[in-house]
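*Asks:*
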Amino acid sequence: MDKEQRKFYERLEGKGVSRRDFMRYCTFLTATVGLSAAYVPKVAEVFAAPTQRPPVIWLHFAECTGCSEAVLRSTYPYIDDLVLEVLSLEYHETVMAAAGQQAEDQLHAAVKKYEGKYICVVEGAIATKFNGGYGKIAGRTFLEVGKEICPKAAAVICLGACSSFGGIQAAKPNPGGYKGVGEALGIKTVNIPGCPPNPVNFVGTVVNYLLLGKLPVLDNLGRPLFAYGKTIHDQCPRRSHFENEEFVTEFGSPEAAMGYCLYKMGCRGPETFNNCPIAKFNDGTSFPIEAGHPCIGCSEPDFWDKMTPFFKEM
Amino acid sequence: MGNRITIDPITRIEGHLRIEVEVSGGKVVNAWSSGQMFRGIELILQGRDPRDAPLFTQRSCGVCTQTHYLASVRAVEDAVRVTIPDNARIIRNLMSAAQFQHDHIVHFYHLHALDWVDVVSALKADPKATASLSDSVSNASMGGAAYFKSVQQRLKTFVDSGQLGPFANAYWGHPAYKLPPEANLMAAAHYVEALRIQARAARLHAIFGAKNPHLQSFVVGGVTCVADLTPDRIAEFLYIWKETQSFIENVYIPDVVAVASFYKDWGAIGGTTNFLAWGDLPETGKEPESLFMPRGVIKKRDLAGVAMPQQEKVTEHVKRSWYVDGEPKHPYKGETKPLQENPTYKPDDGKYSWLKAPRYDNEPCEVGPLARVLVAYAKGHAMIKPLVDQTCQKLGIPVTALFSTLGRTAARALETLAIGKAMEGWIMQLVENVKGGNTKTYQSWDWPKGEAMGVGLNDVARGSLGHWISIENKKIKNYQYVVPSTWNLGPRCGNNKMGPVEEALIGTPVADPKQPLEVLRTVHSFDPCIACGVHVIDPDSNQVYKIKAL
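Protein sequence lines correspond, in order, to chains Z and R. Each step along the first sequence adds one to the number in the working numbering, with nothing skipped, and position 247 is 227. Each step along the second sequence adds one to the number in the working numbering, with nothing skipped, and position 281 is 528.
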């Protein structure tokens, strides 16, 4: 173990995280991204001793910042480690100290310095109607900003339903002509949809990239298979109730209290690909079905139109 | 005419905001606030199932993720005339209060602190002296010279790497930074601690709300989390609440007081005139009487004249906003259309923002922590009044210094403490109910016949929030919301009266027009949330809009 790594573990312990806890997390993450156990030490290495932190340029278009907030909730690694030790967050409007001209200068300096090397994370959709006039930053449309910044990245990761597929503002009648980043710019993107997505799937994608130097295997919608390879229904802890035809038909009922299947309440688990039941949210605390609410299908394209009305049986 | 300075993007906020100020003689003499994005969620809601509205409107904002969800579900419940069970009221209150705790911690440390705290100066601090400073102001569990030394070392390693990330190209060394290096190091250490606390505090939402951001357990008639009313879930909640509240008491409040003591001049900068609070957190089924944070309106800073506001007196103006002109209307009757073009920014005499200009009784009103605390103070609130008096005394400032940027930031911290304290009683109420066999979380209801209208009034982290819905044949006929950041960050109205942030900026000193740090202080003190602030409705002339849109 080299000096840097030793320092990393000392720091971890200073924060009350034992080396064993950390390795357990790396094992979880390695399994989540679908690598064999042999990779666990390598995953640990990615967090323990990066030589130069890979640059990340994070763009905000038409969105609600819920995806940034989701990543802020990452618990292994905590966000301060992610930002201070693992990645180099060159531009991120929600957290950066600089504003206005200073922020703009920082963006352009980073693009120039790291051209072809930075990871571009995009949160939010791009307006295309009226020349993109419904969304601007520093006087330029999202469309112009995206056209300039995204193609110069090593990889573009679309975080959330909006940048992946257009999201809520693209729902009918889509007043601003909003589109997902891949469609609006005509580029290939890695899509991590969800409203918001689980931060574990973002971290998993980044780790895959840092570790293997390439992006994870994707499905035909650009979603990493390690997270979006199976339906919610197939991984649901309430699945046996479905098989036994034990259904909730009213919220708050005895059947709801017993955790019966939410299919008849409008659950979209059978047609939604995501790992919510396994990964769960906020350090494994819960996920919608566990809280008694039907799945709304938020990792599927156009779910605001295709999955609604939400409370109607499929 | 003075120098015009444009700050775009305003960072460390939610959404896309542009602020322009005119500076003359080292002070701001004119200001314009402009929302730069239009999504149209209200328009998207037209004709949909009203039960879906809470899930749609929630996506206005992922920062104040629970607030629109609640306001919307309340509006629909008002329209269908259903009264939710006691447990649902308590759980929603706990979710609201957890939102206050989370939002305000993140705002102070991660969105606002860097306006006052010079991180680079922290490298020059003496860790021992920092430890003494920390011990003298707080009972924080973290501290000591070794702790501050390790934080400083971590910062140093980070800076030495040459990859400054979020701290790159900022205003370090600016003459308006007044903290000594030790105070800067203490605050920088707590910036990092707060990053962790917020991740853990968000679990409060996940316990009864599935996840954070974007909780998923509120439905028209109550909450869905009946299976989570178990001793272990409630204990988990209590445990995380304690940890969060301890951080608020022992770190957040002392930090705000310590930082404020170096910036007392900001007690005379950044004030506004009128204040509105719908109030929130009902302690029984009776509203507004039982609201823990009371309802009230204060005009012209006259605390003694605090009055009960009527939602009927709200109108929205569009003369200076990028919508087709029309008379100011109440939200139930709003009739607004976004310009069908790439809009031109005309701050001097034309339209310049996607935000509309809400007015109460024709006057702009500041909403948010300061408005709530002033209303509570004026009404002699049992927890808020002594907190305000003690804090002013500690800082050696008069209560009138609250009408300021400093007051706004202090009020935010004080209400976090008070609301957090109240949570314990609510958790115990839930325990008592469950113990007594009452686990009712949902009340069934029927669709109203004909047309039905409903309103949901909330007071959330950033201020007063109202959702108005009208339903016809089980479908949304009309939906409108007037949100905190529209009140605070909106442009001039039809009568050319400035919005609150524009007014607050007048008189702000600017030492270096190239580095307008002082402007950011006042803008950030409002905690802008712009994605929430911009949306539109076209209730009566839906057809016309559709034809235009094509």
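All C-beta atoms in this analysis are idealised placements derived from N, C-alpha and C, irrespective of residue type, glycine included.
Check whether the region 338 to 356 of chain R and the region 446 to 464 of chain R are in contact - that is, three or more C-beta pairs closer than 8 Å.
*Replies:* yes
*Asks:* Would you say Val63(Z) reaches chain R, if we count a Cβ-Cβ gap shorter than 8 Å as a contact?
*Replies:* Sequence index remark: in the first sequence, residue 63(Z) carries index 83 (1-based). Answer yes: the Cβ-Cβ gap between Val63(Z) and chain R drops below 8 Å somewhere.
*Asks:* Please confirm whether Glu588(R) has its beta-carbon closer than 8 Å to some beta-carbon of chain Z.
*Replies:* Residue mapping note: residue 588(R) aligns to position 341 of the second sequence, counting from 1. Yes, contact with chain Z.
*Asks:* Between Thr108(Z) and Thr491(R), what straight-line distance do the alpha-carbon atoms span, to the nearest angstrom?
*Replies:* As a working mapping, residue 108(Z) is identified with position 128 in the first sequence. As a working mapping, residue 491(R) is identified with position 244 in the second sequence. For Thr108(Z) and Thr491(R), the distance between alpha carbons rounds to 43 Å.
*Asks:* For the alpha helix (DSSP H) holding Ile129(Z), just list the boundary residues, first then last.
*Replies:* For the purposes of this step, residue 129(Z) is identified with residue 149 of the first sequence, where counting begins at 1. Phe122 to Ile129 is the extent of the alpha helix (DSSP H) around Ile129(Z).
*Asks:* With a cut-off of 8 Å, does the C-beta of Phe291(Z) fall near any C-beta of chain R?
*Replies:* By one-based count along the first sequence, residue 291(Z) stands at place 311. For Phe291(Z), the answer is yes, since a Cβ of chain R falls inside 8 Å of its Cβ.
*Asks:* Please list, in chain order, the residues of the region 563 to 588 of chain R that have any C-beta partner in chain Z closer than 8 Å.
*Replies:* Pro585, Gln587 and Glu588
*Asks:* Can you pull the DSSP bridge partners for Pro529(R)?
*Replies:* As a first step, residue 529(R) is located in the second sequence; it is residue number 282 there, counting from the start. As computed with DSSP, Pro529(R) is found in a beta bridge with Leu538(R).
*Asks:* Can you find a CB in chain Z that lies within less than 8 Å of the CB of Gln313(R)?
*Replies:* Within the second sequence, the letter at position 66 stands for residue 313(R). Closer than 8 Å: no.
*Asks:* Of all the options Ile148(Z), Glu70(Z) and Leu39(Z), which has the alpha carbon lying nearest to the alpha carbon of Asp282(Z)?
*Replies:* The sequence position of residue 282(Z) within the first sequence is 302, counting from 1. Relative to Asp282(Z), the option among Ile148(Z), Glu70(Z) and Leu39(Z) whose CA is nearest is Ile148(Z).
*Asks:* Can you give me the start and stop residues for the alpha helix (DSSP H) that Ile337(R) sits inside?
*Replies:* For this step, residue 337(R) is matched to residue 90 along the second sequence. First-last of the alpha helix (DSSP H) with Ile337(R): Asp333 to Val353.
*Asks:* Rounding to the nearest angstrom, what Cα-Cα distance links Met284(R) and Lys584(R) in this structure?
*Replies:* Stepping through the second sequence from its first residue, residue 284(R) is reached at position 37. Stepping through the second sequence from its first residue, residue 584(R) is reached at position 337. Met284(R) and Lys584(R) have their C-alpha atoms some 15 Å from each other.
*Asks:* By Cβ distance below 6 Å, which residues in the same chain neighbour Lys722(R) in space, the five residues on each side in sequence not counted?
*Replies:* Mapped onto the second sequence, residue 722(R) falls at position 475. Correct list, in chain order: Gly294.
*Asks:* Between Pro786(R) and chain Z, is there a C-beta pair that is closer than 8 Å?
*Replies:* Position 539 of the second sequence, counted from the start, is the residue given in the question as residue 786(R). With a pLDDT of 36 at Pro786(R), under the threshold of 50, the modelled position of that residue is not reliable, and no figure is offered here.
*Asks:* Can you pull the chain R neighbours of Lys152(Z), defined as C-beta to C-beta under 8 Å?
*Replies:* Counted from its first residue, the first sequence places residue 152(Z) at position 172. Those within 8 Å of Lys152(Z) in chain R are Ile291.
*Asks:* To the nearest angstrom, report how far apart Gly202(Z) and Gly597(R) are at their CA atoms.
*Replies:* Here residue 202(Z) refers to the residue found at position 222 of the first sequence. Here residue 597(R) refers to the residue found at position 350 of the second sequence. Spanning the two alpha carbons is a distance of roughly 44 Å.
*Asks:* Leaving out five residues on either side along the sequence, give the residues of the same chain with a beta carbon under 6 Å from the beta carbon of Leu649(R).
*Replies:* Counting from 1 along the second sequence, the entry for residue 649(R) is found at position 402. Contacts found: none.
*Asks:* Is it buried or exposed for Gly697(R), if we count other Cβ within 10 angstroms and need 16 for buried?
*Replies:* On the second sequence, position 450 is the one that residue 697(R) refers to. Result: exposed.
*Asks:* Which residues, taken in chain order from the region 118 to 149 of chain Z, show a beta carbon closer than 7 Å to some beta carbon of chain R?
*Replies:* Ala118, Gly119, Ile148 and Gln149
*Asks:* Under the rule that 16 or more other beta-carbon atoms within 10 Å means buried, what is Gln82(Z), buried or exposed?
*Replies:* For the purposes of this step, residue 82(Z) is identified with residue 102 of the first sequence, where counting begins at 1. Under this definition Gln82(Z) is a buried residue.
*Asks:* For Ala625(R), does the three-state DSSP call read helix, strand or coil?
*Replies:* Taking the first residue of the second sequence as 1, we reach residue 625(R) at position 378. Ala625(R): helix per DSSP, three-state reduction.
*Asks:* 8 Å is my cut-off, CB to CB: does Met284(R) come that close to chain Z?
*Replies:* In the second sequence, counting from the first residue as 1, residue 284(R) sits at position 37. Answer yes: the Cβ-Cβ gap between Met284(R) and chain Z drops below 8 Å somewhere.
*Asks:* Is the region 604 to 619 of chain R touching the region 466 to 476 of chain R, taking contact as three or more C-beta pairs under 8 Å?
*Replies:* no
*Asks:* Does the beta carbon of Gln86(Z) sit closer than 8 Å to a beta carbon anywhere in chain R?
*Replies:* Sequence index remark: in the first sequence, residue 86(Z) carries index 106 (1-based). Interface residue, yes.
*Asks:* Using beta carbons (cut-off 8 Å, strictly below), is Arg619(R) in contact with chain Z?
*Replies:* Your numbering for residue 619(R) matches position 372 in the second sequence. So no, Arg619(R) is outside the interface.
*Asks:* Could you give the first and the last residue of the continuous alpha helix (DSSP H) run that contains Val748(R)?
*Replies:* Numbered from its first residue, the second sequence carries residue 748(R) at position 501. Element bounds for Val748(R): Pro747 to Leu752.
*Asks:* Taking the alpha-carbon positions, what's the Phe145(Z) to Val161(Z) distance?
*Replies:* The sequence position of residue 145(Z) within the first sequence is 165, counting from 1. The sequence position of residue 161(Z) within the first sequence is 181, counting from 1. When rounded, the distance between both Cα atoms is 7 Å.
*Asks:* Mind listing the chain Z neighbours of Asp299(R)? Cutoff is C-beta to C-beta under 8 Å, in chain order.
*Replies:* What you label residue 299(R) is simply residue 52 of the second sequence in a count that begins at 1. The contacting residues are Thr288, Pro289, Phe290 and Phe291.
*Asks:* Indicate the three-state DSSP secondary structure (helix, strand or coil) for Val866(R) in the structure shown.
*Replies:* In the structure as shown, chain R starts at 248 and stops at 797, and residue 866(R) therefore has no counterpart that could be examined.
*Asks:* Taking 8 Å as the cut-off, decide whether the C-beta atoms of Val91(Z) and Cys138(Z) are in contact.
*Replies:* Sequence index remark: in the first sequence, residue 91(Z) carries index 111 (1-based). Sequence index remark: in the first sequence, residue 138(Z) carries index 158 (1-based). No, Cβ-Cβ distance for Val91(Z) and Cys138(Z) is not below 8 Å.
*Asks:* Are the C-beta atoms of Gly701(R) and some chain Z residue less than 8 Å apart?
*Replies:* Residue numbering aside, residue 701(R) sits at position 454 when the second sequence is read from its first letter. Output row for Gly701(R): interface = no.
*Asks:* Out of curiosity, what's the CA-to-CA distance linking Cys278(Z) and Ile172(Z)?
*Replies:* What you label residue 278(Z) is simply residue 298 of the first sequence in a count that begins at 1. What you label residue 172(Z) is simply residue 192 of the first sequence in a count that begins at 1. Computed Cα separation, rounded: 11 Å.
*Asks:* Can you check whether the C-beta of Glu749(R) is within less than 8 Å of a C-beta belonging to chain Z?
*Replies:* Position 502 of the second sequence, counted from the first residue, corresponds to residue 749(R). Chain Z contact via Cβ: absent.
*Asks:* Expressed to the nearest angstrom, what Euclidean distance is found between the alpha-carbon atoms of Trp694(R) and Leu317(R)?
*Replies:* By one-based count along the second sequence, residue 694(R) stands at place 447. By one-based count along the second sequence, residue 317(R) stands at place 70. Near 20 Å, if we compare the C-alpha coordinates of Leu317(R) and Trp694(R).
*Asks:* For Ile352(R), tell me which candidate among Leu341(R), Val504(R), Met342(R) and Ile444(R) has the shortest Cα-Cα distance.
*Replies:* As a working note, residue 352(R) is residue 105 in the second sequence. Out of Leu341(R), Val504(R), Met342(R) and Ile444(R), Ile444(R) has the C-alpha closest to the C-alpha of Ile352(R).
*Asks:* I want to verify the contact list: residues of chain Z whose CB lies under 7 Å from the CB of Thr491(R), in sequence order.
*Replies:* Looking up residue 491(R) in the second sequence gives position 244. Neighbours of Thr491(R) on chain Z: none; closest Cβ ~13 Å, over 7 Å.
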